[in-house]
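Quick notes on the structure that follows.
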Amino acid sequence: MARQLDEQIAGRFPVGQRLRVLDVGMGRGTQALRLARLGHQVTGLEQDTAMIAAAREALSGEPEGIRERMRIIEGDGRETGAHFLPGSFDVVLCHGVLMYLQDPDALLAGLARVLAPGGLLSLLVRNGDALAMRPGLSGDWAGALAAFDSVSYLPRARTDSPGGMPARLGVDARADRRAALTDTLAGIGAPLHAWYGVRVFTDTTPDGAEPPDGLETLLAAEERAGKTDPYRGVAALLHLCGVRG
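Residue numbering for the sequence shown is 1 to 245, as defined by the UniProt record's numbering.
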């Protein structure tokens with residue numbers, strides 16, 4: 001996902017430009033810290049106090065220049081209008097958040113509002129068109145059949161995920177279908193510009209598994225699949241990138 005995000009940023013902004021980045025639901029700050037290290041001015045918004053503490057601890061170990069480029073705000077992403085002025089950010093991230101909101105439209109409209117013209121909106125959501133894949137590949141045939149007609153699922157408990165999203169919290173969650181989100185993005189003035197699949201081959205990997213030998217080859221295969229049809233369409237997660245008109 002980080003490689004996909006970097007690809008979109010490189011295609012939209014001049015090399016070396018210091019961007020104003022907002023990470024809504026930043027989790028432990030994985031992506032926020034990574035972008036701050038690259039020289040961008042990053043604001044992380046998070047409401048979970050344990051996640052905020054973990055992000056602050058990680059930030060405290062960074063050099064002073066990076067610490068000065070990143071600020072952390074405790075708050076609900078649905079209240080972006082109360083925290084930021086319109087057009088305040090060049091890049092807005094919202095990774096692994098929509099799946100925990102029954103009605104994400106207000107949040108999405110707020111994210112578009114704080115995005116500057118030409119800015120990039122990056123969403124990471126559970127793929128509602130492929131919910132049967134995980135139970136099916138795990139041999140849970142009843143679960144696979146039920147998933148065809150639902151956009152609800154129960155994530156496995158996990159402290160954090162690759163990319164910094166606080167996913168698999170062990171609570172009921174909701175998936176999004178790409179066609180519906182495409183319409184929503186057009187409606188809020190940030191139409192879909194590009195989309196990728198994330199975790200095409202690795203979604204059934206047991207939690208806590210050690211990284212395998214040949215990790216770079218695995219990542220290269222995932223990256224290729226994430227931008228190639230038909231593989232990206234059955235990914236566990238979708239990474240959608242909209243551009244503010």
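Cβ coordinates follow ideal geometry from the N, Cα and C atoms, glycine included.
Source: prediction; values computed, not measured.
> By the 10 Å Cβ neighbour count, where 16 or more other Cβ atoms means buried, how is THR43 classified, buried or exposed?
Replying inline: buried
>> Is the separation between the beta-carbon of CYS94 and that of LEU123 shorter than 8 Å?
In response: yes
>> Using the three-state DSSP reduction, which class does residue 246 fall into: helix, strand or coil?
In response: In the structure as shown, the chain begins at 1 and stops at 245. Residue 246 is therefore absent and cannot be evaluated.
> Going by C-alpha distance, which of ASP183, TRP195, GLU7, ASP229 is nearest ALA109?
Replying inline: ASP183
> How would you write the range of the alpha helix (DSSP H) that GLN8 sits in, first residue to last?
Replying inline: 2-12
> Helix or strand or just coil, what does DSSP make of ARG199?
Replying inline: coil
>> Using C-beta distances below 8 Å, list every residue in its chain close to GLU222, excluding the 5 sequence neighbours before and after it, in chain order.
In response: VAL198, ARG199, VAL200, PHE201, THR202
>> Excluding the 5 residues flanking TYR196 on each side, which residues of the same chain have their C-beta closer than 7 Å to its C-beta?
In response: GLN4, GLY226, LYS227, ARG232, HIS239
> Do you know how far the Cα of ARG69 is from the Cα of GLY36?
Replying inline: The residue asked about is misnamed: residue 36 is Ala in this sequence, not Gly. So the two alpha carbons sit approximately 6 Å from each other.
> What residue ranges within the stretch 30-60 form continuous beta strand (DSSP E) runs of no fewer than 3 residues, ordered along the chain?
Replying inline: 41-46
>> Under DSSP, the alpha helix (DSSP H) around ARG224 begins and ends at which residues?
In response: 215-226
> Does the count of Cβ pairs from the stretch 98-108 and the stretch 205-223 closer than 8 Å reach three?
Replying inline: no
> According to the neighbour-count rule (16 or more other Cβ atoms, all chains shown, within 10 Å of its Cβ), is VAL91 buried or exposed?
Replying inline: buried
> Beta-carbon separation of residue 246 and ALA186 under 8 Å?
Replying inline: This structure cannot speak to residue 246, because the chain is shown only from 1 to 245.
> Between residue 247 and ARG34, which are expected to be in contact by the criterion C-beta below 8 Å, what is the C-beta distance as a whole number of angstroms?
Replying inline: Residue numbering for the chain in the displayed model covers 1 to 245; residue 247 lies beyond these limits and cannot be assessed.
>> Whole angstroms are fine: how far does the CA of ASP149 sit from the CA of ARG67?
In response: 46 Å
> In the stretch 64-134, which residue ranges form an unbroken beta strand (DSSP E) of at least 3 residues, counting only runs that do not cross its ends?
Replying inline: 70-74, 89-95, 115-126
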